[in-house]
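Peer 1:
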Amino acid sequence: MMPLTNLAARLRTLYQRLQSLRVVIAATVVLGVVLATTVSYLDQVSGLRQRHIEQTQAALDRLGHLTALALREPLWQFEVGQANSILEAALTEPDVVSMSVVDNMQHAFAAQQRPTQDQHLVLEGSYAIQRGGQKVGTLHIRMSTAGYLRTQDSVRQQSVRMAALVSVGALSVIVLLMHWRLVRPLERLVRASHRIEKGQLDVPIRRVFTDEVGTLADSLEVTRQSLIHLIDQLERRNLALTDANEHLEHRVAERTQSLEVALQTLERAQKEMMESEKLASLGRVVAGVAHELNTPIGNALLGVSTLESDLRSLQAEMASGSMRRSSLGSFVERAQEGLGLSHNNLARAAHLIADFKQVSVDQTSDQRRCFDLAEVSAEVLNMLQPTLRKTAFQIVRDLPAGLACDSFPGGYGQVLTNLVLNAVNHAFEPGAPGNIGVRIGPVGDDQVEMVVSDDGLGMDESVRGRIFDPFFTTKMGRGGTGLGMNIVHGIVTRVLKGHVSVTSMPGQGTQIRVVMPRVVDGAEGGCATIP
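Here is the structure:
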């Protein structure tokens, strides 16, 4: 019965709109009459005002010339009283606001003013007072044009009465026509829609007039007949749809379960590949550290071997009884040199091992702790130094101390390692020299930044936009896995709770900026405060 309800609701809405349509039409008619009357009124007022201004200007000129002629003798003879009398006589003109006379030195001679005159719009005129062809003074007259307002009020009242009469007549005719041709037929259609809504489909609907309302009645009748046939079909189809929905829900549940299993498998595989990449990166560092340890350990062994040989020679001299004081002193001197050489090289090896131990523990344990950002950065770069020594690249460090963090040094070290190795592998042409900069610094009071930059080839927008995509690499098949920068993005956003951005243009190098909080929110463990 939903279609029947919608149909009945539409007809009721149409009938209600028709009621409001009366108001709209009435308002439109009134508005049209008012607008037409207003335009006509404004046109009349505009012409009336312009004509009145022209008439006032002509009267101003006439009065000015006549008064100037009358003031010749009083001004020449300095008869101020006579001049004021002339001005008072001229001021009997109701539109005159003020009149004043000045001599050739612009000194006031006589003046009259109407204090209560409406200052709505004033025309001004200046007229020379001449005697015997010689100018003896100037007459200034100010005349109001506000007189047209009285005529304007009369025109406005006539326009309002005309608009009211036309509006009432038009509205009466429109209301009668609407009730006869629209309201009554629509009321019948609304009653028919109510019957259809109640399921009473046995009463036919007939048209009254051959117009749009009659067409609507025909359409409603066609709808009534169609509904009789559709109701049976809908009932049968509803049964079929119910069965289909049950089957579909079962299939959706199966597909959803399969997708969840596939997603879990994919997430495990991705996590395993990321862990493999992290271990591979650590393995490259291990290989470099092992190679770096060969030199100090070899030097220490050489010193010990030399000391052992000298000791055997000294023992032989002691056994033969031919040992001299000079031989003993020479042995002691060589022993000190050998022990110093061995001690320095073993200390160097121990320092490398300690740095590697801390870095490897951090990168494999994922533990939160307090650390100095400069110290961890230096440890990571020291571990990478054996790998970089085989290349033509220079690491430019800017690592100010004192940036204490309560975060995950292992994740940070992995990010720095991947960024430096990414620059080594991708930023430069094979064999070309270059500089790789590593800079850290504060960002506000509660954040720090780490910037790795190079002066290499740079990258275009197509590469920059996909740099963090998994398995995207410009060296596929040549040692690139496409996971290094994806791991960087994952660690920065999920572990360090920061964000990473890339700035690069072809031929202008690349800058990768990591911003992270000094204290990781929501992380467990660590220290309570930043030292």
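Quick note on the numbering used here: the sequence shown kicks off at 1474 and runs consecutively.
For each residue, glycine too, the CB sits at the ideal point set by N, CA and C.
In this text the structure is predicted, and so the values were computed from the model without any measurement.
(1) Which word fits Leu1846, buried or exposed, when buried means at least 16 other C-beta atoms lie within 10 angstroms of its C-beta?
(2) If I'm right that Ser1977 touches Arg1937 with Cβ under 8 angstroms, what's the distance once you round it to whole angstroms?
(3) Measure how close the beta-carbons of Asp1568 and Thr1624 come, nearest whole angstrom, since I'm counting them as under 8 angstroms.
(4) Given a threshold of 16 other Cβ atoms within 10 Å of its Cβ, counted over all protein chains shown, does Asn1718 qualify as buried or as exposed?
(5) May I have the straight-line CA-CA distance separating Ile1647 from Arg1615, to the nearest angstrom?
(6) What are the boundary residues of the alpha helix (DSSP H) that includes Val1936?
(7) Find the nearest neighbour of Lys1608 within the set Ser1571, Arg1657, Glu1546, judged by alpha-carbon distance.
(8) Use the C-beta contact count for Ala1500: other C-beta atoms within 10 angstroms, 16 or more gives buried, fewer gives exposed.
(9) How many whole angstroms separate the CB atoms of Gln1585 and Leu1560, which I take to be in contact at a CB cut-off of 8 angstroms?
(10) Since Leu1473 contacts Ala1556 with CB under 8 angstroms, what's their CB separation in whole angstroms?
(11) Pick out the complete beta strand (DSSP E) segments inside the region 1595-1619, 3 residues or longer, and give them in chain order.
(12) Does the separation of the CB atoms of Val1888 and Val1961 fall below 7 angstroms?
(13) For Ile1701, count neighbouring Cβ atoms within 10 angstroms of its own Cβ and tell me buried if that reaches 16, exposed if not.
(14) Pull up the CB-CB distance for Pro1906 and Phe1866, whole angstroms please, since I reckon it's below 8 angstroms.
(15) Between which two residues does the alpha helix (DSSP H) carrying Gln1858 extend?
(16) Measure the CB-CB distance between Val1553 and Ala1532 and report whether it falls below 7 angstroms.
(17) Taking Gly1537 as the reference, which of Ile1678, Ala1874, Gly1598, Ala1789 has the closest Cα?
(18) Could you compute how far the alpha carbon of Met1958 sits from the alpha carbon of Asp1942?
(19) Taking Arg1986 as part of the beta strand (DSSP E), name the residues at either end of that continuous run.
(20) Distance, Cα to Cα, Gln1840 vs Leu1969?
(21) Check the C-beta distance from Val1988 over to Gln1920 and give it rounded, since I have them as a contact under 8 angstroms.
(22) Have a look at Arg1798, Val1911, Ser1926, Glu1722 and flag the residue whose alpha-carbon is nearest the alpha-carbon of Ala1900.
(23) Should His2005 be labelled buried (16 or more other beta-carbon atoms within 10 Å of its own) or exposed?
(24) Going along the chain, which residues of its own chain have a beta-carbon closer than 6 angstroms to the beta-carbon of Asp1871, five neighbours each way excluded?
(25) Helix, strand or coil for Met1978 per DSSP?
(26) If you drop the 5 nearest sequence neighbours on each side, which residues of the same chain put their C-beta closer than 7 angstroms to that of Val1832?
(27) Could you please give me the residues that DSSP links to Pro1677 through a beta bridge?
(28) At a Cβ threshold of 7 angstroms, is Ile1526 touching chain C?
(29) Report all residues from its chain with a CB closer than 6 angstroms to the CB of Val1834; omit the five preceding and five following residues, and keep chain order.
(30) Does Met1791 come out as helix, strand or coil in the three-state DSSP assignment?
(31) In whole angstroms, give me the CA-to-CA distance for Leu1930 and Ile1985.
(32) Looking at the unbroken alpha helix (DSSP H) that takes in Met1958, where does it start and where does it end?
(33) To the nearest angstrom, how far is it from the Cα of Thr1511 to the Cα of Val1595?
(34) Need the endpoints of the alpha helix (DSSP H) that Glu1566 sits in, please.
(35) Going straight from the alpha carbon of Leu1894 to that of Asp1918, what length do you get?
(36) Expressed to the nearest angstrom, what Euclidean distance is found between the alpha-carbon atoms of Thr1688 and Leu1659?
Peer 2: On the basis of the data shown:
(1) So Leu1846 counts as buried.
(2) Right, the Cβ-Cβ distance comes to about 5 angstroms (below 8 angstroms), so this counts as a contact.
(3) Between Thr1624 and Asp1568 the Cβ distance is about 13 angstroms, and since that is not below 8 angstroms, they are no contact.
(4) Classification for Asn1718: exposed.
(5) When the Cα atoms are used, Ile1647 and Arg1615 turn out to be separated by approximately 54 angstroms.
(6) Here the alpha helix (DSSP H) through Val1936 covers 1934-1937.
(7) Distances from the alpha-carbon of Lys1608 to those of Ser1571, Arg1657, Glu1546 put Glu1546 closest.
(8) By the neighbour-count definition (other C-beta atoms within 10 Å, threshold 16), Ala1500 is an exposed residue.
(9) Rounded, the Cβ-Cβ distance is 4 angstroms, consistent with contact.
(10) Residue 1473 lies beyond the residue range present for the chain, which begins at 1474 and ends at 2004; the question has no answer from this structure.
(11) Runs of the beta strand (DSSP E) inside the region 1595-1619: 1595-1604, 1607-1617.
(12) In contact: Val1888 and Val1961 (Cβ atoms closer than 7 angstroms).
(13) With fewer than 16 other beta carbons inside 10 angstroms of its own, Ile1701 counts as exposed.
(14) For a cut-off of 8 angstroms, the C-beta gap from Pro1906 to Phe1866 is around 7 angstroms, short enough to register as a contact.
(15) Segment 1846-1862, the alpha helix (DSSP H) holding Gln1858.
(16) Cβ atoms of Val1553 and Ala1532: not closer than 7 angstroms.
(17) Per the Cα distances, Gly1598.
(18) Taking the straight line from one Cα to the other gives about 8 angstroms.
(19) From DSSP, the beta strand (DSSP E) with Arg1986 extends over 1983-1990.
(20) Just so you know, the alpha carbons of Gln1840 and Leu1969 end up roughly 12 angstroms apart.
(21) Contact between Val1988 and Gln1920 holds, since their C-beta atoms are separated by about 6 angstroms, short of 8 angstroms.
(22) Distances from the CA of Ala1900 to each of Arg1798, Val1911, Ser1926, Glu1722 were compared; the closest alpha carbon is that of Ser1926.
(23) In the structure displayed, the chain extends from 1474 to 2004; residue 2005 sits before or after that span and is not available.
(24) Excluding five sequence positions before and after Asp1871, the CB atoms of its chain that fall closer than 6 angstroms to its own CB belong to Arg1912, given in chain order.
(25) Met1978 falls in the coil class under three-state DSSP.
(26) Low per-residue confidence applies at Val1832: pLDDT is 47, beneath 50, and the placement is therefore not dependable enough to give any value.
(27) Note: Pro1677 sits in no beta bridge, so no partner.
(28) Any reference to chain C falls outside this structure, which holds one protein chain only.
(29) Bear in mind that a pLDDT of 44 at Val1834, under 50, signals an unreliable position, so the model cannot answer this.
(30) Residue state for Met1791 is assigned as helix, using DSSP reduced to three classes.
(31) Distance from the CA of Leu1930 to the CA of Ile1985, rounded to the nearest whole angstrom, comes to 14 angstroms.
(32) Residues 1957-1963.
(33) Each residue's alpha carbon lies about 26 angstroms from the other.
(34) DSSP places Glu1566 in no alpha helix (DSSP H); its state is neither H nor E.
(35) Linking Leu1894 to Asp1918 through their CA atoms gives a straight-line distance of about 30 angstroms.
(36) Answer to the nearest angstrom: the Cα atoms are 12 angstroms apart.
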